[in-house]
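Residue numbers (my numbering), protein chains in the order written: chain A, 7 to 347; chain B, 55 to 542.
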Amino acid sequence: MNKYNILSKLALTFLVAVIVTEFNARAAKAEDDTLVLYCGRKKSLVGPIVRRFERETGIDVKVKYGSTSQLALALLEEGKRSSADIFWSQDAGTLGALTAVDRFAVLPDWVLSTVHERYRNPDGRWVATSGRARVLAYSSKRVKVDALPESVFDLTDAKWRGRVGWAPTNASFRAFVTAMRNEHGDEKTLAWLLAMKRNKAQVYSRNTPIIQAIANGEIDLGLPNHYYLLRFKKVDSTYPVEQTFFKAGDIGNLINVAGVGMLSTSRHKQAAARFAAFLLTPPVQQYITSEIFEYPVTEDVIVPEALSAASELNEKAPKVDLDAIADVEGTLKLLREAGLL
Amino acid sequence: MAHEQISPFDIVFHWRNAQLLLNTVLLVAGVLAVTVSLAVPAAWLTTCTSLPGRRLFTLLGVLPLVVPGYLMAYTFRSLGGEIGVISQLFGIVIPRPSGYFGALLALSLYNFPYMFLNLRASLRELDPALEESARTLGSTPPAVFTHVVLPQLRPAMLTGAFLIGLHVIADFGVVSIMNFDTFSLALFQQYGMPNRTTAAWLALMVIAMAVIFLATEALLLRGLRLDRVGSGTHRMRRRATLGWWTLPAIALLTLLAIVSVGVPVSTIAYWSLRCTWSLTMLEDVRDAIVNSLSGSVPAAIVATAMAIPIAYMARRYPSKRSFYLERVAYLGFATPPLAFALGLIFVAKYTAPVLEYSLILLVFAYSMYFLAEAVGPLRNSLYRASPRIEEAARSLGCNGFTAFWRVTFPVMRNGIVVACALVFLSCMKELPLTMMLAPHDFHTLAYNVYSYAADDAMFHEAAPYAVAILLVSTGLVAVLLMRGRKLV
Chain A
7 MNKYNILSKL ALTFLVAVIV TEFNARAAKA EDDTLVLYCG RKKSLVGPIV RRFERETGID
67 VKVKYGSTSQ LALALLEEGK RSSADIFWSQ DAGTLGALTA VDRFAVLPDW VLSTVHERYR
127 NPDGRWVATS GRARVLAYSS KRVKVDALPE SVFDLTDAKW RGRVGWAPTN ASFRAFVTAM
187 RNEHGDEKTL AWLLAMKRNK AQVYSRNTPI IQAIANGEID LGLPNHYYLL RFKKVDSTYP
247 VEQTFFKAGD IGNLINVAGV GMLSTSRHKQ AAARFAAFLL TPPVQQYITS EIFEYPVTED
307 VIVPEALSAA SELNEKAPKV DLDAIADVEG TLKLLREAGL L
Chain B
55 MAHEQISPFD IVFHWRNAQL LLNTVLLVAG VLAVTVSLAV PAAWLTTCTS LPGRRLFTLL
115 GVLPLVVPGY LMAYTFRSLG GEIGVISQLF GIVIPRPSGY FGALLALSLY NFPYMFLNLR
175 ASLRELDPAL EESARTLGST PPAVFTHVVL PQLRPAMLTG AFLIGLHVIA DFGVVSIMNF
235 DTFSLALFQQ YGMPNRTTAA WLALMVIAMA VIFLATEALL LRGLRLDRVG SGTHRMRRRA
295 TLGWWTLPAI ALLTLLAIVS VGVPVSTIAY WSLRCTWSLT MLEDVRDAIV NSLSGSVPAA
355 IVATAMAIPI AYMARRYPSK RSFYLERVAY LGFATPPLAF ALGLIFVAKY TAPVLEYSLI
415 LLVFAYSMYF LAEAVGPLRN SLYRASPRIE EAARSLGCNG FTAFWRVTFP VMRNGIVVAC
475 ALVFLSCMKE LPLTMMLAPH DFHTLAYNVY SYAADDAMFH EAAPYAVAIL LVSTGLVAVL
535 LMRGRKLV
């Protein structure tokens, strides 16, 4: 019987230890210089930024990493009791959706004034931290540059049958379709979706597999976001895939943004605002551009060669109201109608 | 901005759901067929024959459990294609595994240990006297196998099939990588959208599918009694000698091990060679190990502790109540993890807000979710425990609990160890529940692997965490297997 006694004592001790650690952790949370960040970006990408903020300001940041949409769902579920102070979203659509239900407080002027007004919500409820462009990726081995389509609508041409890859369930794609609906109308968008399907566009679950599929010879063209290929190239500069924009103003060149919003239920608004401002400082914008390969939203940032100059980006990108990308319901309905969801 | 509401009718009866349903059913059937065909010979060879290196092959047969499913699928994908591993090593371009067959391959190899373990446990407990009686009555060895051995393996096969089936229904990592549309994948994608209504309806459909699966299993197991009615216990089995079948048997098992364990492990090893090792990174790995263990170990203990009374009641006092209780235990696993997590957040918010995003809630979530994995081995070990000895103990003066503790519990020990091990391994690999419910700054090994490997080309950065998962999990499994002949 002795060993069972010991076992039960051990179990009890363990349980007590767990409970004590828990309450200790909670006591620490009550202090003023802490910040709870719900981060829809990966730790591998932004972990260093958070660490640097902690070192510079002494504010302890507790990060909840997850996918942008799941975190948004958690925020909605938590409601007023949420302990989140600031939300870093991977896409503008989610920011817009949360703004529409009044979850974000107005950011102070000293945060908003650092960026151009196209990179923030008109009421100041969220601010962009980096730009993410849609591009056309192609195989450097099998596709000649002069054969590339000029517009995203040209991809339904018979010569691209079975050679194009896309990720219709991906959030960035949804934002792109919403923008397309806003600019060209529902009918034309649905027609394009159905035509792509008829042209046997290959479906992938996310953007990275599109790039890998091009490299592996399964498809020749793809519709991802711009930074994926750059991250591949950083590791292997001979990766057999290239990318380019469509013609200037084409909806296929949509620029989406990642951004932050301060929760209206936050009890650490000062710290949250400081974090938002920190993300817009030159060192962080430089890091985002050079390491994560996303476009900066402030001036005075050295853009690596691989990233097209910001001026070219502004020239090629269509003029889109980022808040309008929040209407995902209509897009979902369209995607369902097209049988893609 | 008009937000149109989609009616539930449209959601449930959409034509695409029929296609998803068909895909999921075909995948489950395929995976079950493959795992049974792999596990039955493997279990028989390692338990009942004189195969050399039995311990090693047993360990290798269990090892696929330590590899997270998405990692398994990912490493297989990276084998083929123009820039794949095979192409780089041998210059041959093979197509990358994808679609139905890719998902079938990854899911079968990843889940076959569940069947393997269950079969092994049952095979050890088989009474050779029954087979010998059949032989003396004139049956040939194949007939003996079909009519005497296989029926006794029924609970093990069904438990294994059941667990594997639920795993396949619930999986969205492997099918996402292999581009094969199943219900759970569609559900996962739906949760990626801000409309919870559609996601909720799909979740209910997934649960309904799992419930049907549960009901089928219950029907097939009805009325099965396998304990010994005479006195005493069964004799140790004499191992069958293989003779010149030894070499093909070893070849088969080695091939299985190479494919199911060798491929993922060597890919991870290759990544770790290209990784930049540093002190901060090792500190991060150490923190992640501590986090993973502090969730998985308590969850394994709690889940097993919760499962013991359920399994016991189901076997000893079969009634409608215990039947449903056992099935409810399986419901945790049948629920899509995101739905489960959101539900728990909701419940915690209104009943015990202090527990929100705490380790206690996470451990509770793990235990409830993986309860099914604990109940199976415990229930199977109880098939062999005769109620008669327990009744004898009670007639000799022990109260109910003491009789259980001293008579039945030792018999269940194998089952308990297996149950703990299975829950532990599952928790180490678990991702969606952890991401939703974990305390802030609580980053497990599995999250780190996913973070580095899933979206970006940073697979070599994921290597240290993947290696840590493999080492910790393998360590535990090896310790369990090597501790004694009687375990597993």
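Where is the CB? At the ideal position from N, CA and C, for every residue including glycine.
Sequence-distant residues of the same chain with beta carbon closer than 7 Å to residue i, five excluded per side
{"i": "Ser376(B)", "result": "Met367 and Ala368"}
{"i": "Asn345(B)", "result": "Phe496, His497 and Thr498"}
{"i": "Tyr234(A)", "result": "Asn213, Thr214 and Ile217"}
{"i": "Gly137(A)", "result": "Ile261, Val263, Glu300, Tyr301 and Val303"}
{"i": "Ala210(B)", "result": "Asn172, Leu173, Ala175, Ser176 and Asn434"}
{"i": "Ile148(B)", "result": "Gly134 and Ile140"}
{"i": "Leu200(A)", "result": "Ala344"}
{"i": "Tyr245(A)", "result": "Ala221, Phe238 and Lys239"}
{"i": "Leu307(B)", "result": "Ala96, Leu99 and Phe111"}
Classification of residue i by the beta-carbon crowding that lies within 10 angstroms, buried from 16 upward
{"i": "Asn321(A)", "result": "A small fix is needed here, since residue 321(A) is Glu in this sequence, not Asn. The residue in question, Glu321(A), is exposed, as its Cβ has fewer than 16 Cβ neighbours within 10 Å."}
{"i": "His497(B)", "result": "buried"}
{"i": "Val107(A)", "result": "exposed"}
{"i": "Trp325(B)", "result": "buried"}
{"i": "Leu309(B)", "result": "exposed"}
{"i": "Gln208(A)", "result": "buried"}
{"i": "Glu380(B)", "result": "buried"}
{"i": "Lys374(B)", "result": "exposed"}
{"i": "His232(A)", "result": "buried"}
Cβ shell of residue i (< 6 Å), same chain only, five flanking positions each side left out
{"i": "Glu444(B)", "result": "Ala457, Val461 and Thr462"}
{"i": "Tyr164(B)", "result": "Pro118, Gly123 and Met126"}
{"i": "Leu409(B)", "result": "Ala402 and Leu415"}
Rounded straight-line distance, which links the Cα of residue j to that of residue i
{"i": "Val471(B)", "j": "Arg178(B)", "result": "15 Å"}
{"i": "Trp132(A)", "j": "Asn176(A)", "result": "22 Å"}
{"i": "Lys147(A)", "j": "Arg169(A)", "result": "14 Å"}
{"i": "Ala96(B)", "j": "Ser89(A)", "result": "51 Å"}
{"i": "Leu338(A)", "j": "Met489(B)", "result": "25 Å"}
{"i": "Leu347(A)", "j": "Arg70(B)", "result": "8 Å"}
{"i": "Val542(B)", "j": "Thr101(B)", "result": "Model confidence at Val542(B) stands at a pLDDT of 43, short of 50, so the residue's coordinates are unreliable and nothing is read from them."}
{"i": "Leu162(B)", "j": "Leu86(B)", "result": "What sits at residue 162(B) in the sequence shown is Ser, not Leu. If I take the Cα positions, the gap works out to 8 Å."}
{"i": "Ser350(B)", "j": "Ala188(B)", "result": "45 Å"}
{"i": "Leu479(B)", "j": "Ile304(B)", "result": "27 Å"}
{"i": "Leu110(B)", "j": "Ala475(B)", "result": "18 Å"}
{"i": "Leu268(B)", "j": "Ala224(B)", "result": "14 Å"}
{"i": "Phe44(B)", "j": "Pro318(B)", "result": "The question about residue 44(B) has no answer, for chain B in this structure spans 55 to 542."}
{"i": "Tyr329(B)", "j": "Ser320(B)", "result": "Reading off the sequence shown, one finds Cys at residue 329(B), where the question assumed Tyr. The alpha-carbon atoms of Cys329(B) and Ser320(B) are separated by roughly 14 Å."}
Residue closest to residue i, alpha-carbon to alpha-carbon, out of the options
{"i": "Leu301(B)", "options": "Gly214(B), Leu105(B) and Leu392(B)", "result": "Leu105(B)"}
{"i": "Asn188(A)", "options": "Thr19(A), Leu21(A), Leu340(A) and Val22(A)", "result": "Leu340(A)"}
{"i": "Phe159(A)", "options": "Val117(A), Thr195(A), Arg126(A) and Tyr233(A)", "result": "Thr195(A)"}
{"i": "Ala277(A)", "options": "Lys68(A), Gln96(A) and Leu13(A)", "result": "Lys68(A)"}
{"i": "Val151(A)", "options": "Ile257(A), Ile331(A), Thr250(A) and Asp39(A)", "result": "Thr250(A)"}
{"i": "Gly430(B)", "options": "Ile140(B), Leu114(B), Leu76(B) and Leu171(B)", "result": "Leu171(B)"}
{"i": "Ser178(A)", "options": "Asn259(A), Trp116(A), Thr295(A) and Leu285(A)", "result": "Asn259(A)"}
{"i": "Asp327(A)", "options": "Val26(A), Leu43(A) and Tyr125(A)", "result": "Tyr125(A)"}
{"i": "Pro205(B)", "options": "Thr190(B), Glu185(B), Ile218(B) and Thr194(B)", "result": "Glu185(B)"}
{"i": "Leu41(A)", "options": "Ile257(A), Val56(A), Ala330(A) and Lys48(A)", "result": "Val56(A)"}
{"i": "Leu77(A)", "options": "Glu380(B), Leu333(B), Ala264(B) and Ile399(B)", "result": "Ile399(B)"}
{"i": "Leu313(A)", "options": "Asn205(A), Arg237(A), Met186(A) and Pro289(A)", "result": "Arg237(A)"}
{"i": "Asp97(A)", "options": "Asn205(A), Ile331(A) and Gly345(A)", "result": "Ile331(A)"}
{"i": "Ala111(A)", "options": "Asn11(A), Ala80(A) and Met268(A)", "result": "Met268(A)"}
{"i": "Ala183(B)", "options": "Leu92(B), Arg292(B), Leu81(B) and Gln142(B)", "result": "Arg292(B)"}
{"i": "Thr506(B)", "options": "Ser238(B), Leu207(B), Val88(B) and Met335(B)", "result": "Note on identity: in this sequence residue 506(B) is Tyr, with Thr being the wrong assignment. Considering only alpha carbons, the answer is Met335(B)."}
Close-in-space but distant-in-sequence residues of the same chain around residue i (CB under 8 Å, 5 per side omitted)
{"i": "Val334(A)", "result": "Gly99, Ala103, Arg180 and Thr184"}
{"i": "Ala36(A)", "result": "Because Ala36(A) sits at a pLDDT of 49, beneath the cut-off of 50, its placement in the model cannot be relied upon, and the following sentence gives the value as read from the coordinates. Taken in chain order, the list of residues that qualify is empty."}
{"i": "Val503(B)", "result": "Pro122, Leu125, Ala516, Tyr519, Ala520 and Ile523"}
{"i": "Asp341(B)", "result": "His497"}
Task: Against chain A: residues of the stretch 351-383 of chain B by CB proximity under 8 Å - done: Pro352 and Ile355
Task: Positions along the stretch 204-222 of chain A whose CB lies within less than 9 Å of some CB in chain B - done: Gln208, Val209, Tyr210, Ser211, Arg212, Asn213, Thr214, Pro215, Ile217, Gln218, Ala219, Ala221 and Asn222
Open item on the list: Under 8 Å, CB to CB, which of the residues in the stretch 61-80 of chain A have a partner in chain B?
Closed with: Lys68, Val69, Lys70, Tyr71, Gly72, Ser73, Ser75, Gln76, Ala78, Leu79 and Ala80
Open item on the list: Closer than 8 Å between beta carbons: that is the criterion. Which residues of the stretch 248-269 of chain A meet it against chain B?
Closed with: none
Open item on the list: If the cut-off is 8 Å on Cβ atoms, which residues from the stretch 228-240 of chain B count as contacting chain A, listed in chain order?
Closed with: Ser230, Ile231, Asn233, Leu239 and Ala240
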